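Comments concern the structure below.
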Ligand code: NAP
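Residue numbers (the numbering used here): 3 to 475.
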């Protein structure tokens, strides 16, 4: 792929770069592209242009912009997939899947742009009431800031931008410096599709000058952040008086009960652990399996894991590409070594080469190991044997996270008990924790988030405020 050269944007226009960022393939080390960086002055200018903007497109125009972007992205599916794969190291098939999800985000946002969720309250319904009506209307905010992680370079960005556009709210995006090319290419599609310049700035630059300055800026009305717990909590401390949407890390369990369909359980465990190189906030990060089926399940998962070919992300046969960089792969290797030192056993995988780490099944993992209590962001499948459903639910709820979960069972009472007991944002029965559609409410509690949901419909609420007005009729 030829090297891509892009520049940060203020109000849709390239900045005068104050430096340059080189993006390299995590697999080959080859240069994928360069990005012209923005400065603190650009960050201030982006906020000023957003706040001053008044020519908000109509609902119809917003929907059309999103619809045209969808058509443009569809026509460049393969090109976008290759950019994602090249800069993130994700297998091409994963990158193609991500483009498909982003098309859904655009479609749902285009639909939602047309929908008015205003309500009418008759006031003559109480002894204290009057013959008036109260109406609600949803109004855009003046300026939103979105900060996104590396693991879904396109879809995470679309989940921030498309709802803001549907809402009519100008937004400033600070994408991950590890995967900025996809974000800037997507911004170009939106611009070409008619998005007014002041409605979107995309800034890459030194953290203090750009990301932290935007987070603290008094004229920014909402910060929507997706990323690690540590940075999310830092943002919560520094943002000051503004709305916050925090989508943070996860440590999701897949619970497999003794009444489970084991074929399904193996498929969900492998797909949940290895898709996207295990780098999904909702990847399966702990497999909690009932003691009666543990041995058979483990044997079958080991056999299935061998099918996940790990290697060159751009090779059509590869199912697991690299993780984001070599230090991350070394970290995963260390986490596995720690578990082994504590008594766990690697049954398959575990070898590392540069930023590649093989899909790895680890059995007999003690419940207090780092890979059980914290998030490990890679293709690891740690197995913990549990006594029964109650034990599984205790282990599932025992960490600081509360993003999502999956339960494999054929029993409705067990499923209902799990739904009621698991302290997390989502419970998927007979599905991976990550299962969702792009418009359904999504988000975690505890260290995984503040319980404010995203997903296209909820995100639009985050980028707007509800005004009520009343009329004497
Ligand atoms: P990260 O290190 O927290 O970075 C996320 C973003 O924050 C990047 O754009 C990063 O910029 C920026 N950032 C870094 N320091 C900052 C600061 N002081 N102030 C403001 N922004 C700052 O996360 P990551 O490693 O990219 O992504 C992986 C994490 O994201 C995992 O924990 C994963 O679970 C989580 N995640 C959560 C969800 C969810 O919906 N709950 C979804 C996907 C991922 P730089 O690139 O310049 O460092």
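Note that CB positions come from ideal geometry on N, CA and C, so glycine has one too. As the structure is a prediction and not an experimental result, all values here were calculated from the model.
- When DSSP states are grouped into helix, strand and coil, residue 57 belongs to the coil group.
- By the criterion of a C-beta distance shorter than 6 Å, residue 469 is surrounded in its chain by 139 and 141, once the five residues flanking it on both sides are discounted.
- When 135, 128, 110 and 188 are compared, the shortest CA-CA separation from residue 120 is found for 135.
- Remark: C-beta atoms of residue 202 and residue 39 do not approach each other more closely than 8 Å.
- A residue is called buried once 16 or more other Cβ atoms fall within 10 Å of its Cβ, and residue 310 is buried on that count.
- Secondary structure of residue 379 (DSSP, three-state): coil.
- Measuring C-alpha to C-alpha distances from residue 334 to each of 357, 70 and 15 identifies 357 as the nearest.
- The beta-carbon separation of residue 303 and residue 397, rounded to 18 Å, does not stay under the 8 Å limit for a contact.
- In the same chain as residue 240, and ignoring 5 residues on each side of it, the C-beta atoms closer than 8 Å to its own belong to 214, 217 and 218, in chain order.
- Residue 105 is positioned such that its CB atom lies closer than 8 Å to that of residue 72.
- At a cut-off of 7 Å, the beta-carbon of residue 405 counts as near the ligand NAP: some heavy atom of the ligand is closer than that.
- Within the same chain, 270 and 408 come within 8 Å of residue 433 by CB-CB distance, once the 5 residues on both sides are set aside.
- The C-beta distance from residue 225 to residue 147 rounds to 5 Å, short enough to meet the 8 Å contact threshold.
- With a cutoff of 8 Å on beta-carbon distance, residue 252 and residue 403 are scored as near each other.
- Counting C-beta pairs closer than 8 Å gives three or more between the segment 173 to 193 and the segment 149 to 163, which meets the contact rule.
- Around the Cβ of residue 123, a 10 Å sphere holds fewer than 16 other Cβ atoms; the residue is exposed.
- DSSP lists no bridge partner for residue 107.
- A Cβ-Cβ separation of about 6 Å places residue 440 in contact with residue 110 under the 8 Å criterion.
- DSSP places residue 35 in the strand class (E or B) of the three-state scheme.
- The residues 447, in chain order, have a CB closer than 6 Å to that of residue 453 in the same chain once the five nearest residues on each side in sequence are set aside.
- The beta-carbon separation of residue 45 and residue 13, rounded to 12 Å, does not stay under the 8 Å limit for a contact.
- With contacts defined as CB atoms closer than 8 Å, residue 307 and residue 279 fail to qualify as a contacting pair.
- Ranked by Cα distance from residue 370, the first of 173, 337 and 359 is 337.
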